[in-house]
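Trainee: Let me give you the structure first, and then I'll get to my questions.
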Amino acid sequence: MRLMGKSQIGEMQPFEFVITLLIAELACIPMADTSVPLLYGIVSIAAIFILHQIVWLLDLWFEPVKGIVCGKPSVVINRDGVDCFQLKKNNLNVADLIESMRAAGYFNLDDVYYGLYEANGSFSALAKPEKSAYSLPLVLIDLGKPDKGNVEKCGFGGGKLEEFVRQRNAKVKDVAVMTVNGDGRVYFQKKGQKYEILTAEVKGEW
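0 is the number of the first residue of the sequence shown in numbering that gives the first Met the number 0; add one for each residue after it.
Below, the structure written as structure tokens:
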């Protein structure tokens with residue numbers, strides 16, 4: 000593991016993760032089955048190590064190989080708001096994105112100018128100088144689908160959510176993202192359009 004470099008122990012690329020699993024499996028075989036010579040396990044692990052070094056050199060010398068083997072970063076938040084295409088491309092939804100942002104210290108979608116998932120799956124962001132609010136937002140609409148629990152919790156039930164969206168000349172299915180915090184601050188973004196910051200009356204505490 001030391002010979003494979005620091006990235007193998009730290010934040011791994013997908014192919015490095017697979018190689019780590021393979022090495023663990025190969026090491027287990029001669030230890031679990033005494034009929035298998037220990038040399039077989041050592042040779043197999045050495046072969047995997049050589050393959051790793053070959054892929055690493057190709058990754059270092061040829062840029063197209065890096066994109067194929069490791070993947071590329073995905074910009075999921077830009078100046079217009081959330082990029083729904085990039086979210087779906089990475090099998091993510093808005094709730095997953097907000098969870099990643101909270102782990103990085105951002106609680107509102109407009110707290111950052113840009114947000115992206117790196118090739119290794121970690122989340123990075125270019126933060127704005129000032130945080131936009133100091134209350135935890137709830138997701139009301141996630142890629143066109145309402146979250147009924149959150150809708151009821153903040154007082155948008157009984158058709159109020161549909162009416163709020165209708166006043167913006169849209170339907171719920173046309174909304175990419177809608178969140179609201181305890182102060183009534185609404186992040187509203189139609190699919191394919193720039194986000195808006197609105198206000199609404201909310202009920203309840205969270």
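Beta carbons are placed, not taken as given, at the ideal position from N, Cα and C, and that holds for glycine.
Quick one: grab the DSSP three-state call for D182.
Mentor: Note: D182 maps to coil in three-state DSSP.
Trainee: How many angstroms separate the CA atom of E161 from the CA atom of V93?
Mentor: Straight-line Cα distance between these residues: approximately 19 Å.
Trainee: In the structure shown, what three-state DSSP assignment does L294 receive?
Mentor: Residue coverage of the chain in this structure runs from 0 to 205, which leaves residue 294 outside it and unanswerable.
Trainee: Here's the rule: buried if 16 or more other CB atoms are within 10 angstroms of the residue's CB, otherwise exposed. What is Y113?
Mentor: Answer is exposed; the Cβ neighbour count stays below 16.
Trainee: Using a Cβ-Cβ distance cut-off of 7 Å, determine whether G158 contacts chain D.
Mentor: Considering every chain present, this structure includes no chain D. It has just one protein chain.
Trainee: Can you tell me whether E129 is helix, strand or coil according to DSSP?
Mentor: Of the three classes helix, strand and coil, the one that applies to E129 here is coil, per DSSP.
Trainee: When the Cβ atoms of the stretch 72-83 are set against those of the stretch 181-195, are three or more pairs found closer than 8 Å?
Mentor: Yes: at least three Cβ pairs fall under 8 Å.
Trainee: Just the C-alpha distance for V185 and P136, rounded to the nearest angstrom, thanks.
Mentor: So the alpha carbons of these two residues sit roughly 8 Å apart.
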